[in-house]
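Enquirer: My questions all concern the structure below.
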Amino acid sequence: MENRKTFSWLKEQMIPSISVSIMIYVITRTSISNTYPIFAQQGYENPREATGRIVCANCHLDNKPVDIEVPQAVLPDTVFEAVLRIPYDIQLKQVLANGKKGGLNVGAVLILPEGFELAPPDRISPELKEKIGNLSFQSYHPNKKYSCDRPCSQGKPRKGTDLSRR
Numbered sequence: 000m001e002n003r004k005t006f007s008w009l010k011e012q013m014i015p016s017i018s019v020s021i022m023i024y025v026i027t028r029t030s031i032s033n034t035y036p037i038f039a040q041q042g043y044e045n046p047r048e049a050t051g052r053i054v055c056a057n058c059h060l061d062n063k064p065v066d067i068e069v070p071q072a073v074l075p076d077t078v079f080e081a082v083l084r085i086p087y088d089i090q091l092k093q094v095l096a097n098g099k100k101g102g103l104n105v106g107a108v109l110i111l112p113e114g115f116e117l118a119p120p121d122r123i124s125p126e127l128k129e130k131i132g133n134l135s136f137q138s139y140h141p142n143k144k145y146s147c148d149r150p151c152s153q154g155k156p157r158k159g160t161d162l163s164r165r
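No gaps in the numbering here: position 158 of the sequence shown is 157 in numbering that gives the first Met the number 0, and each next residue is one more.
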């Protein structure tokens with residue numbers, strides 16, 4: 000009889016404790032999706048830490064070399080193209096929203112120099128619009144001159160970002 004009471008009491012105390020522990024774990028764990036630039040921009044006003052490290056550099060692109068092509072010189076109030084290349088192993092896969100494996104998503108934060116900003120859509124030439132296709136990019140922060148190139152599938156190569164000098 001004593002064994003039953005002990006087991007019953009233990010059962011009553013342990014089940015709520017385990018349930019609370021699981022809930023705390025689920026609430027506090029960090030999601031891997033928070034490493035994409037688009038999620039980092041929601042938590043950080045500046046894309047760089049005080050040490051110079053990019054805030055979202057915890058993803059699969061951490062410490063990867065990035066090639067960027069820009070003109071050596073530009074005139075004021077002109078639109079030009081910046082080409083970003085992020086070399087990575089295209090054999091690597093990620094789990095997609097539907098549960099299947101697919102190509103990695105690749106994104107970048109481009110910190111623009113003083114006096115530069117993203118070109119407004121009406122200033123982009125038709126040739127450049129065709130080259131860009133449906134890739135999206137936006138300002139990282141409304142008051143700052145950072146460009147956040149959203150993650151794009153490896154099946155769609157990065158063609159360029161339009162910048163403007165003002």
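Idealized CB from N, CA, C, for every residue including glycine. This structure is a prediction, so every number in the text was calculated from the model and none was measured.
Taking a contact to mean a Cβ-Cβ separation below 7 Å, would you say I85 touches V65 in this structure?
Expert: yes
Enquirer: Would you say Q93 and L83 are within 7 Å of each other, going by their C-beta atoms?
Expert: no
Enquirer: State the CB to CB distance for the pair I123 and V78, rounded to an integer number of angstroms; the pair is presumed to be in contact (CB under 8 Å).
Expert: 6 Å
Enquirer: Sorted by chain position, which residues of the same chain lie with C-beta nearer than 6 Å to L74's C-beta, five sequence neighbours on each side aside?
Expert: none
Enquirer: Given this structure, state the Cα-to-Cα distance separating A81 from L91, to the nearest angstrom.
Expert: 26 Å
Enquirer: In whole angstroms, give me the CA-to-CA distance for M13 and I21.
Expert: 12 Å
Enquirer: How about G101 and L95: do their beta carbons lie closer than 7 Å?
Expert: yes
Enquirer: If I follow the unbroken beta strand (DSSP E) through I67, where does it start and stop?
Expert: 66-68
Enquirer: Using only CA atoms, which one of S7, K99, G98, F115 lies nearest to V69?
Expert: F115
Enquirer: With DSSP as the reference, please indicate the residues paired to R122 in a beta bridge.
Expert: Paired residue(s): none; R122 is not in a bridge.
Enquirer: Report the rounded CA-to-CA distance for Q71 versus G98, giving the unit in angstroms.
Expert: Rounded to the nearest angstrom, the two C-alpha atoms are 44 Å apart.
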